[in-house]
Structures are given as C-alpha cells and as structure tokens.
Amino acid sequence: MWIEAIRKGFRCSFVHFRKVWGGVVRNRLFNFKLNNSIVHVLVIFFVALFLLYCFFGLKGAVSKDHFHRLSKMTVEVKHEDGTVDIFKSNLFNYTGKKDKLTIHLPLEENLKAEYQSINFFFYSSVVKAYYKDQLLASYGENVDRHMIGHLRIFIPVPIEAYGDEIRIEIQPTMNFMEDNFHFPVLMSMNDALFFPILGVETSFAFFYMVLIGSYIGLIILACLYFTQDYAKEGFWLMLLINGIVSWYMGNSGMIYASASNENFNAVVEYIGMYMLFFSAPLYASYETSRPIVKKYLTYSGRFLCGVFVLCLVLYLLPTGYSFVTYLRLAQGIQIIMVFSSLISLLFPGKQAKKRGDYIMQYGMIFVAVFGLLEQIRIMFASRITERCHPVLQWFTSTPFARFLIYSLLITFLTSYAFKVAYILEKTLEEKHLKILAYTDNLTSIGNRQYLQRKLDLLDNSHSTDYAVIFADINDLKYTNDHFGHGAGDRLIKIVASAIKDAVDSVGGFTGRNGGDEFLSVISPAGKVKGVAEKIRENLACVKESEHVPFPISLSLGIASYKEVEAELKLAGEDYITTSHVIRKADARMYEDKCIHKRSSNRWA
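Residue 461 in full-length UniProt numbering sits at position 461 of the sequence shown; the count goes up by one each step and never skips.
Quick look at the structure:
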C-alpha cells in the first residue's frame with residue numbers, strides 16, 4: 001500500500017515538474033530561436049546590401065574615362081571695397097553677397113570633343129557662364145519661388161573653347177558660402193544626366209530604395225497604427241527615416257538625378273528638414289523611460305507636426321509662402337529638437353535593457369560623433385581655402401553626412417527589428433498563457449473560465465437563437481473505482497473528443513464545466529438535436545473501435561433560449577440570460593441521468 005502511495009506521489013510530482021519546467025524550457029527555446037532568426041535575417045540583409053553596394057560600385061558607376069574633373073582654375077573674388085583675392089583651386093571663399101566671383105576654367109586641347117558640358121553645383125547664387133563674350137548659360141535669376149538650395153549648373157561647351165577658357169561669373173545671394181565648392185566636371189551631354197550622383201551611384205541607389213521602402217512602411221504601419229503596439233513607434237521611425245533621407249538627397253543634389261528642377265530639389269530638402277522637427281522627438285518619446293523627457297518630446301513633437309502641416313498647406317495653396325521665409329528659425333528649431341532626441345536616445349533611463357536598447361545606445365554614439373563632425377565641417381567649410389593645412393582641406397571634403405545617415409539607418413532599423421521581435425515574443429507568450437488559462441489540462445478543450453467568458457459575451461450580444469447541451473458522464477466513479485484513475489481520465493478524454501467533434505461540425509463552443517460535466521452552446525438552436533445525436537454516435541464508434549473495458553455513456557439535457565424565454569415570460573420575468581437556459585438544460589440532464597440509473601445494469 002505504501003509503495004503504491006509513493007509511486008503515485010512520484011508520478012504526480014513528475015507530471016507537475018514536466019508542466020512547469022517543460023513550459024519554461026519551451027519558452028526559452030522559442031525566445032532563443034526567435035532572437036537567432038532576427039540576427040540571421042539582419043546578417044543576410046546587410047551582407048546582401050554590401051554585395052549590392054559593391055556590384056553597383058563596379059558596374060553601375062559612370063566610367064572614369066567618360067568624365068574629367070577640372071582641377072585647374074583661377075578664382076577671382078572682388079570685394080565691395082575694390083580689393084581682389086586670387087585663388088588657384090576650388091577651395092575659395094567670399095565675405096558677403098556684394099562680392100563678385102569670377103572663375104576661369106582653362107580647357108586643354110587634348111580634352112576636345114563635341115557635345116560636352118561643364119557641370120557643378122553652386123549654392124543659391126546668380127551664375128552666368130561665358131565663352132569670351134558669348135553667354136553660354138544662366139541660372140538663379142528667374143526661378144519661380146526658388147528656395148535656398150543647390151543650383152545644378154550645366155554649361156554646354158562650344159568646340160572652339162578648347163585651348164582657351166570658360167569664364168563663370170557668380171553673384172552670391174547669401175553673405176556666406178553654405179558649403180565648399182567641388183570640382184567642375186567635364187563630361188558628355190548624354191552622361192551629364194548622371195552628374196548629380198557621380199561617384200555616389202551606389203549611395204543614390206541605396207537611398208532611393210530606402211526612400212521608397214519608407215513610403216511602403218508608412219502605409220503598412222498607418223493601417224496597423226491603432227491595432228498593434230509596435231506600429232506607432234514604427235510609423236514615426238519610418239517618417240524620421242524618410243525625412244532624413246529626403247533632406248540629404250535634396251541637400252547633396254541627388255534629387256536632380258530624378259528631376260532637373262531647382263524648386264523640386266529645394267522643396268524635397270526643406271520638407272525633409274521640417275519633417276525632422278516632429279518625427280525625431282515623437283520617435284524618441286517611445287524610446288525613453290523618463291516621464292518628464294517623454295512628455296517634452298511628445299508635446300513638442302505634436303505641436304511641430306501641426307506647424308509642418310500648416311506650412312505644407314500654405315505652400316501648396318497660392319499664398320506665395322515658401323519654406324525659406326523663416327529658414328534660420330527653422331534650422332534653429334531643427335538643431336534643438338534633433339539634439340534633444342539624440343540625448344534622450346543616448347540616455348533613455350531604462351533599468352532593464354534589452355538587445356535592441358544596447359544597439360540603439362551604442363549606435364547613437366557613432367551617430368553623435370558623425371553629426372558633430374558634420375556640423376563642424378559645415379561651420380568651417382566656407383572658411384577653409386587652399387592656404388589652409390592639407391588636413392583641414394581633407395576634413396572639409398569628407399562626407400560625414402553620408403556616414404551619419406548610414407549609421408542612423410543601420411542603428412534604427414536593427415534596433416527596431418529586435419524591438420518588434422521582443423514585442424512579438426511577449427505577445428505570443430501572453431497568448432500562450434491566455435490559452436493555458438482558458439484550457440482544461442486533461443482534455444485540451446475550454447475550461448470553466450473559458451465557458452464563463454464565452455457565456456458573458458453571449459449575454460452581452462443579446463443573442464436569442466441558441467441552445468445549450470448539458471452533459472454528464474455516466475458511471476465515472478464506477479470506472480475510477482474498478483479500473484483506476486487512468487481509465488477514468490481516458491473516459492473523460494473520449495467524451496470530450498466526441499463532444500468537441502460534434503460541436504465543431506456545426507459551429508458553437510464547448511468546454512469542461514468541471515469533473516464529469518460538459519457544457520456546449522449551439523447556434524443556431526435548430527441544429528442542437530443533430531449535435532446531440534452526433535455525440536452519441538461518436539461514443540458508439542469509440543466503443544466499437546477501441547474495445548474499452550469500462551462503460552461509456554452520457555446523460556444529456558437540452559434547452560433553447562426561446563423555450564426558456566416563453567416559460568419565464570409567463571412567470572412574469574423579462575430579463576433572460578444564459579444562466580436560465582443552463583439551469584433548464586441541467587434539470588433535463590438530471591432527468592436523463594435518473595432514467596439511466598433506473599434502466600442501467602451495473603457492471604460486476
């Protein structure tokens with residue numbers, strides 16, 4: 001006897017251990033697999049991106065024998081007081097918009113070819129090109145609603161100019177150079193279309209792909225904005241990426257490769273800049289755990305989002321408004337909001353950090369470094385001339401902004417991927433726990449909590465066309481006493497399977513009400529008798545096929561909402577719930593069980 005007791009105790013302990021620790025191990029294995037899957041996907045993505053980058057760099061670039069950088073030049077800067085500064089390279093500057101710049105570009109005879117052009121960018125000025133006294137091109141004079149931005153200069157070169165020079169006269173419209181001047185490029189007119197992306201073809205392809213991808217992401221996440229936890233943060237992230245890439249492509253002149261229009265290039269640049277006002281703080285507000293910082297980022301982001309929409313509407317309407325009306329104020333706001341967002345991302349205040357948080361924090365260090373270097377470069381670019389140290393000349397020509405955007409994209413996308421994986425992991429865990437909370441461990445159908453939830457929903461929906469089957473297993477105690485509790489558990493599983501199969505075939509729900517009782521709700525009510533017959537048929541099939549040694553039978557009670565409603569209305573009750581219908585079905589099940597007890601022959 002005591003041996004049997006020890007054996008049962010050991011078996012119960014083992015089952016409990018398997019349920020508890022088995023679930024823990026499965027969850028950890030699942031989490032490990034999910035995180036590894038994210039890592040594999042990211043590795044494959046970045047390797048593929050690198051290979052694509054290399055391929056475009058080798059095959060997609062304009063061949064070097066198709067263009068020539070004009071590094072030999074003389075630049076005269078005539079100041080308002082009549083003094084003149086002479087520079088012998090592209091590293092020059094001026095002191096005010098009343099200065100007059102003249103660039104002399106000698107064209108060697110060995111470069112002679114028909115249908116060639118000189119191409120370069122210059123920032124917000126009136127630019128005219130001459131061969132002797134012949135006007136070859138003019139830019140920046142009559143551009144409708146033109147903004148401060150890069151002018152894409154295209155100068156057709158007459159065949160007789162080779163062996164002589166092209167003279168370019170520039171009248172600035174700003175008191176300082178916004179950036180340093182890059183070498184003019186001599187190339188055929190057919191290839192000149194690719195000048196805006198010359199040397200950065202792979203970056204252009206990548207940024208264009210990111211820009212299109214961000215629009216697709218915005219549409220998808222906007223549809224999920226109010227239904228998925230990760231969609232809100234993802235939406236503002238996509239908007240932030242879109243704004244950063246738009247600003248850079250406009251600022252660098254890459255947009256000219258898509259549309260050779262000064263206004264369009266400037267609008268893309270400044271819309272991108274204005275989008276940073278609100279997208280940066282709103283995205284950062286989801287990453288910080290500091291309440292005051294979160295409120296500051298959220299409220300300022302929402303306010304600036306309204307400002308952006310207002311500015312966009314004013315620009316699209318015939319009001320004459322342009323984004324440069326308050327440009328310096330806008331740039332100041334941009335610096336404040338981006339810097340605030342950057343600091344909040346660097347120091348989010350999270351106690352328990354996850355992998356995505358570490359990626360964000362360390363990635364933002366590189367972003368901060370490149371951002372600082374780019375700001376320093378812009379501040380001093382117009383002051384660095386050919387007379388400065390070669391290290392400073394190299395510094396002003398280094399594309400820190402491009403490195404900054406690469407760092408941002410890699411950091412944001414990688415961190416967000418891990419965050420989404422964590423959210424999905426937690427969501428699946430919660431669903432798994434919810435399923436466990438509503439599932440009967442023995443039969444794998446709904447338990448009492450599941451039934452109560454479904455019945456509450458049925459009451460709240462005010463449905464009237466349904467019926468209840470209340471079932472009770474006959475002779476379960478007899479089976480437990482004579483064949484053991486294992487046989488009793490098997491009997492319960494057989495009955496549960498028979499009921500579930502019958503109910504699922506017509507629609508409805510079923511669950512174990514506890515012990516040997518089962519409750520099923522059938523809708524519409526007209527199918528309830530067929531379900532009851534199906535249950536008995538299923539049990540009869542099990543008897544024949546499995547040859548079980550214990551009796552298998554059920555006592556059933558059926559009641560419909562409409563018949564109970566009719567009875568209770570006669571008694572003066574108007575409010576009918578599922579509880580009334582269940583009590584009626586329970587009473588009829590008890591009547592059926594009494595009949596079974598009277599007519600049943602007990603097993604010896």
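We put the beta carbon where it would ideally sit given N, CA and C, even for glycine. Keep in mind the model is a prediction, meaning the values are calculated, not measured.
Neighbourhood of residue i by C-beta distance below 6 Å, restricted to the same chain and skipping five residues each side
i, result
"GLU178", "TYR123"
"ILE170", "LEU101, SER125, VAL127"
"LYS527", "VAL506"
"PRO158", "TYR131"
Cα-Cα separation between residue i and residue j, rounded to whole angstroms
i, j, result
"ALA161", "GLN393", "31 Å"
"TYR274", "PHE339", "15 Å"
"LEU193", "THR83", "38 Å"
"ASN180", "ALA266", "18 Å"
"PRO390", "ILE384", "10 Å"
"PHE10", "ASP516", "Note on PHE10: pLDDT 41, under 50, position unreliable in the model; the coordinate value appears next. Approximately 26 Å, taken between the alpha carbons."
"ASP164", "SER415", "57 Å"
"MET209", "VAL77", "41 Å"
"LEU337", "LEU276", "Rather than Leu, the amino acid found at residue 337 in this sequence is Met. Straight-line Cα distance between these residues: approximately 8 Å."
"PRO106", "ILE365", "45 Å"
"ILE166", "GLU108", "11 Å"
"LYS64", "VAL200", "13 Å"
"ALA113", "PHE195", "18 Å"
"residue 605", "ASN242", "There is no way to answer for residue 605, as the model of the chain reaches only from 1 to 604."
"LEU218", "ILE244", "15 Å"
"ALA540", "GLY234", "56 Å"
"TYR561", "ALA467", "6 Å"
"GLY253", "SER246", "11 Å"
"GLU262", "ARG152", "7 Å"
"ILE445", "LEU451", "10 Å"
"PHE395", "GLU386", "13 Å"
"GLY486", "SER497", "17 Å"
"LYS350", "PHE509", "44 Å"
"GLU563", "GLN449", "27 Å"
"ASN27", "ASP440", "Confidence at ASN27 is low in this model, with a pLDDT of 46, below 50, so its placement is unreliable and the value that follows should be read with caution. Distance between the alpha carbons of ASN27 and ASP440 is about 20 Å."
"HIS146", "THR288", "Here the model assigns HIS146 a pLDDT of 48, short of 50, so the residue's position is not dependable, and the following value carries that caveat. Those two C-alpha atoms are separated by around 39 Å."
"ASP465", "PRO524", "5 Å"
"VAL503", "LEU282", "49 Å"
With 16 other Cβ atoms within 10 Å as the buried cut-off, status of residue i
i, result
"GLY488", "buried"
"GLN116", "buried"
"THR443", "buried"
"HIS150", "buried"
"GLY356", "buried"
"residue 620", "The chain is shown from 1 up to 604; residue 620 falls before or after that span and cannot be answered."
"LYS434", "exposed"
"SER216", "As written in the sequence, residue 216 is Ile, which differs from the Ser given in the question. The residue is exposed, with fewer than 16 neighbouring Cβ atoms inside 10 Å."
"PHE303", "exposed"
"ILE197", "buried"
"ARG512", "buried"
"PRO318", "exposed"
Sequence-distant residues of the same chain with beta carbon closer than 8 Å to residue i, five excluded per side
i, result
"ARG453", "TYR438"
"MET589", "PHE470, ALA471, ASP472, SER555, LEU556, GLY557"
"ASP191", "VAL62, HIS66, PHE67"
"ASP99", "VAL77, LYS78, HIS79, GLU80, PRO172"
"CYS388", "LEU91"
"LYS419", "TYR230, GLU233, LYS354, GLY356"
"ILE576", "TYR561, VAL564, GLU565, LEU568"
Other residues of its chain near residue i: CB distance less than 7 Å, five sequence neighbours each side excluded
i, result
"THR578", "LEU455, LEU458, ASP459"
"ALA284", "LEU297, SER341, SER344, LEU345"
"ILE595", "none"
"ALA334", "Looking at the sequence provided, one finds Gln at residue 334 rather than Ala. If we look at GLN334 and ignore the five residues flanking it on each side, its Cβ neighbours are MET273, LEU276, PHE277."
"LEU491", "ILE473, LEU476, THR479, PHE550, ILE552"
"MET238", "SER214, GLY217, LEU218, LEU221"
"TYR256", "ARG152, PRO196, ASN265"
"PHE412", "LEU237, ILE241"
"TYR94", "VAL77, LEU101, PRO172, MET177"
"LYS597", "none"
Any non-hydrogen atom of the ligand HEM closer than 7 Å to residue i Cβ
i, result
"SER258", "With respect to the ligand HEM, the structure offers nothing, as it holds no ligand at all."
Below-8 Å beta-carbon distance, residue i vs any chain B residue
i, result
"ASP440", "Checking the listed chains, one finds no chain B in this structure; it contains a single protein chain."
- Message: Quick check: the stretch 222-234 against the stretch 419-431, are at least 3 beta-carbon pairs closer than 8 Å?
- Response: yes
- Taking contact to mean at least 3 C-beta pairs separated by less than 8 Å, is the stretch 183-194 in contact with the stretch 111-127? yes
- Contained beta strand (DSSP E) runs [length at least 3] in the stretch 166-232, N- to C-terminal order: 185-188
- Whole runs of the alpha helix (DSSP H) within the UniProt domain "GGDEF" (464-604), excluding any shorter than 4 residues: 476-483, 485-504, 528-546, 561-570, 578-599
- Can you list, in chain order, the stretches of the alpha helix (DSSP H) that have 4 or more residues and sit fully within the stretch 354-442? 355-381, 390-397, 400-437
- Message: Pairs of beta-carbons, one from the stretch 394-413 and one from the stretch 370-377, closer than 8 Å: are there three or more?
- Response: yes
- Item | Length-filtered (3 minimum) beta strand (DSSP E) runs lying within the stretch 61-116 | 67-69, 74-78, 84-87, 100-106
- Contained alpha helix (DSSP H) runs [length at least 4] in the stretch 315-354, N- to C-terminal order: 327-346
- Task: Entirely within the stretch 270-303 and at least 3 residues each: give me those beta strand (DSSP E) ranges in chain order.
- Result: none
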